[in-house]
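Engineer: Below are the structure tokens for one structure; questions will follow.
There are 2 protein chains.
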Amino acid sequence: MALDQDRAAGSLYRKVAADLREAITSGSFGEAGRLPAEGALAEQYGVSRGTVRQALALLRADGLVTSRRGTRRVVLGSARVQSFSELLSFTHWARSMGEEPGGRLESLVRRPADAAEREQLRLEPGTEVYVTLRLRTLSGTPVMVERTVYPPRVGELVAQLPPDVVSHTEPLREHGILFTDADHTIDVVTASADDARLLSCRRGSPLLREKRRTTDPTGTPVEWSQDRYLPGTVAFSIHNSLASSALSRHARDED
Amino acid sequence: MALDQDRAAGSLYRKVAADLREAITSGSFGEAGRLPAEGALAEQYGVSRGTVRQALALLRADGLVTSRRGTRRVVLGSARVQSFSELLSFTHWARSMGEEPGGRLESLVRRPADAAEREQLRLEPGTEVYVTLRLRTLSGTPVMVERTVYPPRVGELVAQLPPDVVSHTEPLREHGILFTDADHTIDVVTASADDARLLSCRRGSPLLREKRRTTDPTGTPVEWSQDRYLPGTVAFSIHNSLASSALSRHARDED
DNA sequence: CGACGGAAGTTGGCTGGCCAACTTGGCCGG
DNA sequence: CCGGCCAAGTTGGCCAGCCAACTTCCGTCG
């Protein structure tokens, strides 16, 4: 079996991984079945065993397969959204669920960074930051309030975007601002007066909060954000194993 | 520089990773400094470049360093708890924070699995499961209610444990029950009457919920659990990058 | 019939080497 | 003085091979 066209960008092992991912998801190896041996896959794809192992490491990190020395790999689950871009971008996430994302800029101010902001964005004292407050909607209904602090270099670009632009990350990428690494913290807070007004809930009612600090490949912080979701609209899901872990966000439907 | 003693179990690349992790955390390369080249590290540790790359992949997944083709790696953050075991075991997590974990078994019943439980634990209709309800404490104060469903093979062992045993996962491991992969879902729920009584909060007050399904290396589910935390006691933190992601749990202190 | 032992199969780990893609910084020319 | 080009340095990716550790299964022996 050959690797057709360009099922995944660039590297060979990504193509192999994509192909295997699809095979697993479509049930080619059975529900809890076993994968072919690494050597067999290597021959099948016409690549070295090392390349196959790189591909399998990706699937392992996504929780699709287990692996244990001595036995063939076992299919664990199937079909997981690609985690990173979906977690980072509200817009991307919403679209992948078939919902129509919306956003309304409530305020955008420019002011000196306070101590906490300087710490998070690694800025010199006196540096000015851009602070946005946005209400995010899913097919018209408000679900989230987003407070984001940008360093000057990024904020200047954000300030020039039209106020009704849906996605922020996409236009930023075109200006050379790359989002590659993020730290997230998830907890519960109570709604402030502003939150309550925007989300149409009672003041003090619980909200699911995600704090996020994003950096580019050089380690420079590009964003510090605090998102507050109405309960029942989202849940965060993570797979982890002794080897690695992967995160995604999804809508709440089941219980 | 040689790799002293047994800083990490088994494999060479883990030892190198552990050593580098410590060096980064102790600030040997500066706050946002750059790491030595892979080749230099390989020579330093007396291993091949491939092994160094395996080690660096671990640090990358933990969000300690970035990497980009063409330039040296950059130190991103520092000091992250080892995610998997800490997320899985309340006991392990509590101890790593210097708190004294406690637990009290409220109830343990054996009954036929319902449809949802059969689905999660992949059981045949009519199979019996063991269901536990435990109150978890941190240095004496209640923080979490844990409802766990075990398949028969595991439940039989759990039922034989003394009711005041602190850790469940440790004795299970000694009986050959291995926890290697887990899927987590995090959201917000309101406290039931039971929750409220055990956690000394009002009924209907918000709780941070973590649902968890754990499997062993063969893909067999060994546990399905639902933990409900009092707000302000924990937060979940995740690092993710274009390459991979890592998860941990930590106490809430800052804001 | 059951327990034990060994062989075959499989993954984990490590080496050494090679080339491509990319970044950075310095040199040189306009 | 600025801009572009070029070379060195660095990471990404791939290959071929080797051995160790572990699991599974089958055949043999008691």
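Here the protein sequences line up with chains R and Y, keeping their order.
Using the UniProt record's numbering, the first residue of the first sequence is number 1, and each one after it goes up by one.
Using the UniProt record's numbering, the first residue of the second sequence is number 1, and each one after it goes up by one.
All C-beta atoms, glycine included, are put in the ideal place defined by N, C-alpha and C.
Since we're looking at a predicted model, the values are computed, not measured.
1. Thinking R/Gln54 and R/Arg147 are a contact (beta carbons under 8 Å), I'd like their distance in whole angstroms, please.
2. Give a yes or no on whether 7 Å exceeds the smallest Cβ distance from R/Leu138 to chain Y.
3. If you check the beta carbons only, do R/His184 and R/Glu210 fall under 7 Å apart?
4. With DSSP as the reference, please indicate the residues paired to R/Pro112 in a beta bridge.
5. Any Cβ of chain R within less than 7 Å of the Cβ of Y/Ala55?
6. Please go through the same chain and pick out, in chain order, the residues whose beta-carbon is closer than 6 Å to the beta-carbon of Y/Gly103, but skip the five residues on each side of it.
7. Could you check how far apart the C-beta atoms of R/Thr180 and R/Thr215 are, in whole angstroms? I think they sit under 8 Å.
8. Tell me, please, whether the CB atom of Y/Phe236 is closer than 7 Å to any CB atom in chain R?
9. Just mark Y/Ala113 as buried or exposed, buried being the case when its beta carbon has 16 or more other beta carbons within 10 Å.
10. How about Y/Pro163 and Y/Leu105: do their beta carbons lie closer than 7 Å?
11. Considering just the uninterrupted stretch of the beta strand (DSSP E) at R/Phe236, what are its terminal residues?
12. Got a sec: is the Cβ-Cβ distance from R/Arg49 to anything in chain Y below 7 Å?
13. Taking Cβ-Cβ distances shorter than 8 Å, what residues in chain R pair up with Y/Gly219?
14. Is the segment 171-180 of chain R in contact with the segment 152-163 of chain R, if contact means three or more CB pairs nearer than 8 Å?
15. For a contact meaning CB atoms closer than 8 Å, what does Y/Ser192 contact in chain R?
16. Give the residues from the segment 158-183 of chain Y that approach chain R closer than 7 Å (Cβ to any Cβ), ordered along the chain.
17. Alpha helix (DSSP H) containing Y/Pro36: first to last residue?
18. Shorter than 7 Å from the beta carbon of R/Ile24 to some beta carbon of chain Y?
19. Does R/Val154 have its Cβ less than 7 Å from a Cβ in chain Y?
20. Check whether the Cβ of Y/Val188 lies closer than 7 Å to any Cβ atom in chain R.
21. Hey, does R/Val230 have any beta-carbon neighbour from chain Y nearer than 7 Å?
22. Chain R beta carbons: is any one of them nearer than 7 Å to that of Y/Leu242?
23. Closer than 7 Å by beta-carbon distance: list the chain R residues that pair up with Y/Leu208, in chain order.
24. Would Y/Val143 be called buried (16 or more neighbouring beta carbons within 10 Å of its own) or exposed?
25. With 7 Å set as the bound, which would you pick, yes or no: does the beta-carbon of R/His92 sit closer than that to a beta-carbon of chain Y?
26. Is the distance from the Cβ of R/Val52 to the Cβ of R/Leu41 below 7 Å?
27. Given this structure, state the Cα-to-Cα distance separating Y/Leu230 from Y/Val222, to the nearest angstrom.
28. Would you verify that the beta carbon of Y/Asp253 is, or is not, closer than 7 Å to some beta carbon of chain R?
29. Provide the residue span of the alpha helix (DSSP H) that contains Y/Arg60, from first to last.
30. Among R/Ser67, R/Glu124 and R/Val149, which has the Cα closest to the Cα of R/Ser107?
31. Less than 7 Å between the C-beta atoms of R/Leu198 and R/Val145, yes or no?
32. For R/Arg69, is the classification buried or exposed, using 16 other Cβ atoms within 10 angstroms of its Cβ as the cut-off for buried?
33. Please report the residue range of the alpha helix (DSSP H) in which Y/Asp158 lies.
34. List, in chain order, every chain R residue whose beta-carbon is nearer than 7 Å to that of Y/Leu87.
35. Whole angstroms is fine: what's the gap from R/Ala116's alpha carbon to R/Glu128's?
Structural biologist: From the atom records:
1. Position 54 of the first sequence holds residue 54 of chain R. Position 147 of the first sequence holds residue 147 of chain R. 39 Å between Cβ atoms; not a contact.
2. Stepping through the first sequence from its first residue, residue 138 of chain R is reached at position 138. The beta-carbon of R/Leu138 is placed no less than 7 Å from the nearest beta-carbon of chain Y.
3. The count along the first sequence starts at 1 and reaches residue 184 of chain R at position 184. The count along the first sequence starts at 1 and reaches residue 210 of chain R at position 210. Yes, the pair counts as a contact, with Cβ atoms nearer than the cut-off.
4. Working through the first sequence from its first residue, we reach residue 112 of chain R at position 112. The partner list for R/Pro112 (beta bridge, DSSP) reads R/Glu128.
5. As a working mapping, residue 55 of chain Y is identified with position 55 in the second sequence. Chain R, which has no Cβ nearer than 7 Å to the Cβ of Y/Ala55, makes this no.
6. Here the question's residue 103 of chain Y lines up with position 103 in the second sequence. Only Arg134, Arg136 and Val166 meet the Cβ criterion.
7. Counting from 1 along the first sequence, the entry for residue 180 of chain R is found at position 180. Counting from 1 along the first sequence, the entry for residue 215 of chain R is found at position 215. Indeed they touch by this definition, with Cβ atoms about 7 Å apart.
8. Here residue 236 of chain Y is taken as the residue at index 236 of the second sequence, counted from 1. It does; some Cβ of chain R falls within 7 Å.
9. Here residue 113 of chain Y corresponds to residue number 113 of the second sequence, with the count starting at 1. Residue burial is scored here from C-beta neighbours: Y/Ala113 has at least 16 other C-beta atoms within 10 angstroms and is therefore classed as buried.
10. Taking the second sequence and counting its residues from 1, the one referred to as residue 163 of chain Y is at position 163. Taking the second sequence and counting its residues from 1, the one referred to as residue 105 of chain Y is at position 105. Contact flag set, yes.
11. One-based indexing of the first sequence puts residue 236 of chain R at position 236. R/Phe236: member of the beta strand (DSSP E) spanning Val234 to Ser241, first to last residue.
12. In the first sequence, the residue the question calls residue 49 of chain R occupies position 49. Answer no: the Cβ-Cβ gap between R/Arg49 and chain Y never drops below 7 Å.
13. Here residue 219 of chain Y is taken as the residue at index 219 of the second sequence, counted from 1. Near Y/Gly219 (Cβ distances below 8 Å), the residues of chain R are Ala32, Thr66, Val74, Val75 and Leu76.
14. Result yes; three or more Cβ-Cβ pairs closer than 8 Å.
15. If you number the second sequence from 1, residue 192 of chain Y lands on position 192. Within chain R, no C-beta atom comes nearer than 8 Å to that of Y/Ser192; the closest sits roughly 13 Å away.
16. Of all residues in the segment 158-183 of chain Y, the ones placed with a Cβ closer than 7 Å to any Cβ belonging to chain R are Thr180, Asp181, Ala182 and Asp183, in chain order.
17. Sequence index remark: in the second sequence, residue 36 of chain Y carries index 36 (1-based). Element bounds for Y/Pro36: n/a, residue is neither H nor E.
18. Looking up residue 24 of chain R in the first sequence gives position 24. Using a Cβ-Cβ cut-off of 7 Å, R/Ile24 does not count as an interface residue toward chain Y, since no Cβ of chain Y sits closer than that to its own.
19. Reading the first sequence from its first residue, position 154 is the one you call residue 154 of chain R. Cβ-Cβ to chain Y under 7 Å: no for R/Val154.
20. Reading the second sequence from its first residue, position 188 is the one you call residue 188 of chain Y. Look at Y/Val188: its C-beta is under 7 Å from a C-beta on chain R.
21. Counting from 1 along the first sequence, the entry for residue 230 of chain R is found at position 230. Residue 230 of chain R is actually Leu in this sequence, not Val. R/Leu230 has a beta carbon lying at 7 Å or more from every beta carbon in chain Y.
22. Here residue 242 of chain Y corresponds to residue number 242 of the second sequence, with the count starting at 1. Answer yes: the Cβ-Cβ gap between Y/Leu242 and chain R drops below 7 Å somewhere.
23. As a position in the second sequence, residue 208 of chain Y is number 208, starting the count at 1. For the C-beta of Y/Leu208, the chain R residues within less than 7 Å are, from N- to C-terminus, Asp187 and Val188.
24. Position 143 of the second sequence, counting from 1, holds the residue named residue 143 of chain Y. The residue is buried, with at least 16 neighbouring Cβ atoms inside 10 Å.
25. Sequence index remark: in the first sequence, residue 92 of chain R carries index 92 (1-based). Chain Y contact via Cβ: absent.
26. The sequence position of residue 52 of chain R within the first sequence is 52, counting from 1. The sequence position of residue 41 of chain R within the first sequence is 41, counting from 1. Yes, they are a contact pair.
27. Position 230 of the second sequence, counting from 1, holds the residue named residue 230 of chain Y. Position 222 of the second sequence, counting from 1, holds the residue named residue 222 of chain Y. Straight through space, the alpha carbons of Y/Val222 and Y/Leu230 are spaced by roughly 26 Å.
28. As a position in the second sequence, residue 253 of chain Y is number 253, starting the count at 1. Low confidence applies here, because Y/Asp253 scores a pLDDT of 45, under 50, leaving its location unreliable and the question unanswered by this model.
29. On the second sequence, position 60 is the one that residue 60 of chain Y refers to. Taken as a continuous stretch (DSSP letters only), the alpha helix (DSSP H) holding Y/Arg60 covers Arg49 to Ala61.
30. Counted from its first residue, the first sequence places residue 107 of chain R at position 107. The candidate whose alpha carbon is nearest that of R/Ser107 is R/Val149.
31. Taking the first sequence and counting its residues from 1, one reaches residue 198 of chain R at position 198. Taking the first sequence and counting its residues from 1, one reaches residue 145 of chain R at position 145. Taking the C-beta atoms as reference points, R/Val145 is found nearer than 7 Å to R/Leu198.
32. Within the first sequence, the letter at position 69 stands for residue 69 of chain R. Exposed, because fewer than 16 other Cβ atoms sit within 10 Å of the Cβ of R/Arg69.
33. Along the second sequence, one-based indexing puts residue 158 of chain Y at 158. The sequence given here has Val at residue 158 of chain Y, not Asp. Here the alpha helix (DSSP H) through Y/Val158 covers Pro152 to Gln160.
34. Against the second sequence, residue 87 of chain Y aligns to sequence position 87. Under the 7 Å cutoff, chain R gives Asn240.
35. For this step, residue 116 of chain R is matched to residue 116 along the first sequence. For this step, residue 128 of chain R is matched to residue 128 along the first sequence. If you take the alpha carbons of R/Ala116 and R/Glu128, they lie about 13 Å apart.
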